[in-house]
Amino acid sequence: MYRKRLVVGTLTCLILIAMTIPVLADAPTAVAWLKTQQNTDGGFGSPASSVGTTADVLLAVAATGDNAIAWSKAGKTPLDYLTANVGSVKKAGTLGKVITALIASGKNPRDVGGVDLVARLEKMIGSDGKIGGDDEYINDHCTAMIALAAARRPIPTATVNYLLGKQIDDGTWAWNGDTSAGSGDNNTAAMAVVALIAAGVPADNPQIQKTLAHFKEQQNQDGGFPYINPSPYGTDSDSNSTAVVMWAIKAAGQDPAGVDWKYNHQDGHSPLDRLRAFQNDSGAFRWKDSMSDDNLLSTVQALIALELKTLPFATMDVGEPKAESEGTPVILPVTGADLWAQTVIMLGSGLALTGVGIALRKRRTGK
């Protein structure tokens, strides 16, 4: 009888342990698939490598506890590719991706082939707080904010307020900064929440709570999220939207695998359940069930969410710029309750030209 109870008790413990680790079976196969996508120049992207996509892969792999910075193809590594190409990057959003990815990979972004990426990014902060030029949008601004947080650099009050001021009444943000009713989407809203919390905005801020409530309303019965509902392009859950909303949920201190985010708070599916169901046999993730091919953007965004992490999940004291790079104004970190009035443009900026479906699958930010 004692032996029987011991066996039953042991099995029960093993089952409970397995239930608390829902992601370990998924990440290694996804990482292995990503490695097969490396190009001979050391970078990632299709048909040719791009700085943004290479940074995406580095960040995703780092989220799993692995490090892709030294992965080699034809004698070239991702670091080789970035060192050779990052100097020509003009967009704040792409610089932000690289900074966050390098920090997560243990590399100081103040010296990449002699280029101080952090100083370059800080010089892109405009007088109105917006980060980046006229051809950059909300996702670029958010990605740059996350990078500054990863580098433990001060984020201007104006930069935070610029983003807060772009929220739409329904709790969303639009990829292009439009604040008219119905112009927002879940992906951009999720990135905004992640960036604001990374900048020090508390999760109980009314504008963030409004966005979280919006996500509750947007959640599909399968536990996942669409790009936006309603939409003339369909409202099925997709892996990109589900992943980045999970980032936002995690940033707000909530559990995207927990009961509070199960559909209807009952025995339904959680966002994590739905995200895992998007994984193909290859290890890669598909964008939607109706478009089942392996998708690089879906895979890199999903990996971070599978590990129940948000951005930035790694930070580094990058130090001060060299003398010749100085000149960035000293700005106090964001504090005070009076400020809190508040795969994704990575995906959504292509909407106006190509439609939601194609943009979500193919839009990539390069140089």
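For what it's worth, my numbering labels the leading residue of the sequence shown as 307, then goes sequentially.
Note that the Cβ used here is the ideal one computed from N, Cα and C, for glycine as well.
Distance, residue j Cα to residue i Cα
i    : j    : result
P384 : T621 : 20 Å
I610 : K568 : 20 Å
L603 : I405 : 18 Å
Q648 : A366 : Residue confidence for Q648 is low, a pLDDT of 28 falling below 50, so the modelled location carries little weight and cannot support an answer.
K397 : D446 : 8 Å
G439 : L427 : 11 Å
A629 : G420 : 14 Å
T463 : S543 : 35 Å
C448 : M497 : 6 Å
Q607 : M552 : 10 Å
Q585 : S433 : 44 Å
L612 : K403 : 19 Å
D347 : A519 : 44 Å
P415 : K522 : 37 Å
N467 : G435 : 8 Å
L581 : T605 : 10 Å
V392 : V565 : 43 Å
A504 : I474 : 20 Å
A374 : P334 : 13 Å
K382 : V357 : 14 Å
R458 : D476 : 32 Å
A390 : K429 : 22 Å
V507 : S598 : 38 Å
D623 : L408 : 13 Å
Exposure label - residue i; buried when at least 16 CB within 10 Å
i    : result
T517 : buried
T250 : Outside the displayed span of the chain (307 to 673) sits residue 250, for which this structure offers no information.
N681 : Any answer about residue 681 is impossible in this case: the structure gives the chain only from 307 up to 673.
Q344 : buried
I444 : buried
S411 : buried
D362 : buried
Q360 : For clarity, residue 360 is Thr in the given sequence; the question names Gln instead. So T360 counts as buried.
Q572 : exposed
S537 : exposed
A336 : buried
K413 : buried
S486 : exposed
G351 : buried
D332 : buried
A354 : exposed
E275 : Nothing can be reported for residue 275, as the shown portion of the chain is limited to 307 through 673.
T370 : buried
T342 : exposed
N338 : The displayed chain sequence assigns Ala, not Asn, to residue 338. Burial call: exposed.
P618 : buried
Segment limits, alpha helix (DSSP H) that includes residue i
i    : result
W553 : S545 to A557
W339 : A333 to T342
Y468 : T463 to L470
R426 : L423 to E428
H447 : I444 to A456
M497 : N492 to A504
N292 : It is not possible to answer for residue 292, since the shown part of the chain is limited to 307 through 673.
I405 : A398 to A410
P577 : P577 to A583
Cβ of residue i within 8 Å of any chain C Cβ
i    : result
A629 : Of the protein chains in the structure, only one exists, and it is not chain C.
Whole-angstrom C-beta distance between residue j and residue i, which should lie under 8 Å
i    : j    : result
N492 : I534 : 6 Å
I437 : A450 : 4 Å
Three or more C-beta pairs closer than 8 Å, one from the region 526-541 and one from the region 572-580: is that the case here? Touching, per the Cβ criterion.
Three or more beta-carbon pairs under 8 Å between the region 375-392 and the region 591-599, yes or no? Taking a cut-off of 8 Å on C-beta distances, the region 375-392 does not touch the region 591-599, as fewer than three cross pairs fall below it.
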